[in-house]
Ligand code: KMH
Ligand code: ZN
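Numbering (this note's numbering), first residue to last: 1 to 272.
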């Protein structure tokens, strides 16, 4: 079985220090959290950035500052900026970090309810536009799918040339408005992607570690981090993203799966 790629989603756009005081906002805090995850075994950092007061932003300058600072401490880590940003941002606002030509970026493959009155909007034209920009800028998309229909959309757009194959998917499971984090649904998503695809699973909240185990056993890859879950175990806040990554490393070792270095992750994902 291929080695396990661990992605750390260290920050997100919605989670706050009120949920866990270790959630990073400043450049220094982002570096601290990225380094804790990298030292524990993460090879990819899925990155959102914030203003110092926690407000989500897709500012190119802010991404550049955070990426450069992370690269000083973790020189070989793969940085994967979000193009999802936060609900309500415009397409061009969201695309700003792709102007920095990162190796990877997320590509959200459909619209969903995002709690309360919020709608995370990704029309077909938006997805096509983002796909074109990523091809133009030499970026490997991580196709974020919050439901099965989004896999179908990604496959349709790949046929039309907006997304290159083999596709790398991220099954984001357990968002209020998306597919649940039940094992049955994981098996459904996992069985719905082409054989040459790769995938990582991001279980939200209490689904994080059970779905990590499912992916470890199945040969998939795993995303953890404060964006998805702030608890190490029931009622126990994680002190850092590194603690969440370290738990996945322990689980993988128990189950006989080795952890990929960033160089190995690049090979698996076709980045190198
Ligand atoms: N913050 C969510 C609205 C992504 O990073 O591409 C979108 C999100 C997806 O987090
Ligand atoms: Zn994200």
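Yeah, the Cβ is synthetic: ideal placement off N, Cα and C, and Gly gets one too. In this text the structure is predicted, and so the values were computed from the model without any measurement.
8 Å contact criterion, which residue i and residue j should meet: CB distance rounded
i, j, result
"residue 169", "residue 143", "5 Å"
"residue 36", "residue 241", "6 Å"
"residue 78", "residue 103", "6 Å"
"residue 237", "residue 20", "5 Å"
"residue 194", "residue 203", "Incorrect: roughly 23 Å between the Cβ atoms, too far for contact."
"residue 74", "residue 129", "Going by Cβ atoms, the distance from residue 74 to residue 129 rounds to 31 Å, so no, they are not a contact pair."
"residue 201", "residue 186", "7 Å"
"residue 198", "residue 107", "So it is not a contact: roughly 14 Å between Cβ atoms."
"residue 234", "residue 192", "Contact doesn't hold; Cβ gap of about 31 Å is too wide."
"residue 40", "residue 7", "Between residue 7 and residue 40 the Cβ distance is about 12 Å, and since that is not below 8 Å, they are no contact."
Three-state secondary structure assigned by DSSP to residue i
i, result
"residue 162", "coil"
"residue 117", "coil"
"residue 192", "coil"
"residue 92", "helix"
"residue 250", "helix"
"residue 262", "helix"
"residue 140", "strand"
"residue 97", "helix"
"residue 6", "strand"
"residue 178", "strand"
"residue 257", "coil"
"residue 209", "helix"
"residue 198", "strand"
"residue 146", "coil"
"residue 126", "helix"
"residue 16", "coil"
"residue 245", "helix"
Residue i and residue j closer than 8 Å at C-beta
i, j, result
"residue 34", "residue 10", "yes"
"residue 25", "residue 62", "no"
"residue 214", "residue 183", "yes"
"residue 93", "residue 58", "yes"
"residue 109", "residue 154", "yes"
"residue 2", "residue 219", "yes"
"residue 111", "residue 120", "yes"
"residue 80", "residue 46", "yes"
"residue 205", "residue 225", "no"
"residue 216", "residue 244", "no"
"residue 139", "residue 101", "yes"
"residue 97", "residue 60", "yes"
"residue 56", "residue 85", "yes"
"residue 247", "residue 22", "no"
Cross-strand partners of residue i (DSSP beta bridge)
i, result
"residue 78", "44"
"residue 157", "According to DSSP, which records beta bridges pairwise, residue 157 is partnered with nothing at all."
"residue 65", "For residue 65, which the question treats as bridged, DSSP gives no partner whatsoever."
"residue 224", "8"
"residue 108", "144"
"residue 85", "Beta-bridge pairing links residue 85 to no other residue."
Status (buried if at least 16 other CB within 10 Å, exposed otherwise) for residue i
i, result
"residue 208", "buried"
"residue 223", "buried"
"residue 133", "buried"
"residue 221", "buried"
"residue 292", "Since the first residue of the chain shown is 1 and the last is 272, residue 292 is not available in this structure."
"residue 181", "buried"
"residue 165", "exposed"
"residue 123", "exposed"
"residue 13", "buried"
"residue 131", "buried"
"residue 263", "exposed"
"residue 260", "buried"
"residue 178", "buried"
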